[in-house]
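The opening residue of the sequence shown carries number 367 in my numbering; numbering runs sequentially from there. Using N, Cα and C, we set each Cβ at its ideal position, and we do this for glycine too. What follows is one structure encoded as structure tokens, with my remarks underneath.
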Amino acid sequence: MTPTLSRSVVLDETVPARAPWSAIVRAGEQLEIIDLHGNQAVDCLLYSAADTADRYSAQATVTAQRNIFLTTGSVLLTEAGTALMTVLADEVGNHDTIAGACSQESNTLRYGHHTRHQHACVENFLAEAMKWDLGKRDLVSNINWFMNVPVEPDGTLGIVDGLSAPGKKVTLRAEIDTLVLVSNCPQINNPCNGFDPTPVRMVVTR
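Here you go:
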């Protein structure tokens with residue numbers, strides 16, 4: 367990647383389809399999440415690197431911005447009101463905060479017992495969280511970048527084809543040193559990944 371506006375590349379990694387990823391993004395650094403092939407959901411959790419008990423809160427974020435969807439200008443907050451990251455730029459325009467992460471249990475309930483063996487985002491999060499001495503009790507409601515979850519007039523949620531396309535990205539700025547956990551969603555039972563999970567790219571610049 368060629369640095370833009372004199373920014374230097376700190377990290378540039380491709381996350382394979384269905385895989386987890388994590389890194390600490392330092393205050394002032396920017397993280398680009400790039401949907402390489404289009405229509406790929408990226409589940410994401412954020413923690414203060416200095417104190418992981420201070421972590422992303424969907425409730426605080428939604429309440430502060432008065433919108434259940436994330437886009438340019440959205441500030442991602444902890445329950446205490448700490449700003450973790452800000453969405454600087456968004457080429458898609460709509461990212462989910464309420465549908466949560468798929469799990470082996472939810473797959474079984476939604477799609478049938480034959481899906482029980484399928485790998486899911488909660489399992490990705492747990493595997494990656496262990497690297498940072500975090501466990502199941504540290505998992506909270508997550509962000510779903512690129513995932514299209516409309517709310518129907520009767521209040522039900524839909525999971526439909528994504529709005530993204532190959533090469534589309536969202537750019538976040540870390541307001542404090544922030545631990546970012548990602549599950550490159552392995553879901554194949556609904557259209558959040560176009561029924562075909564694909565790699566994404568994570569680029570951190572300073």
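Cβ atoms of S423 and L454 stay farther apart than 8 Å, at about 20 Å.
Going by DSSP, N490 is part of the alpha helix (DSSP H) stretching over C487 to A495. Per the coordinates, the alpha-carbon of S372 lies some 35 Å from the alpha-carbon of R432. Distances from the alpha-carbon of P552 to those of P563, T522 and L545 put P563 closest.
Collapsing the DSSP output to three states places V548 in a strand. The segment 491-508 and the segment 434-441 do not touch, with fewer than 3 CB-CB distances between them shorter than 8 Å. Comparing C-alpha distances from W387 to each of T571, P565 and T448 shows the shortest one belongs to P565.
In the three-state reduction of the DSSP assignment, D378 falls in the strand class, which pools E and B.
DSSP places A455 in the strand class (E or B) of the three-state scheme. Collapsing the DSSP output to three states places D504 in a helix.
In its chain, beyond the 5 residues on either side, S374, V376 and E395 have a beta carbon closer than 6 Å to the beta carbon of R572. Annotated three-state conformation of C558 is helix, per DSSP. Per DSSP, reduced to three states, the secondary structure at V536 is strand. In this structure, the straight-line span from the alpha carbon of V381 to that of V570 is close to 13 Å. Distances from the CA of D527 to each of E379, A416 and H461 were compared; the closest alpha carbon is that of H461. The beta-bridge partner set that DSSP reports for M513 is empty.
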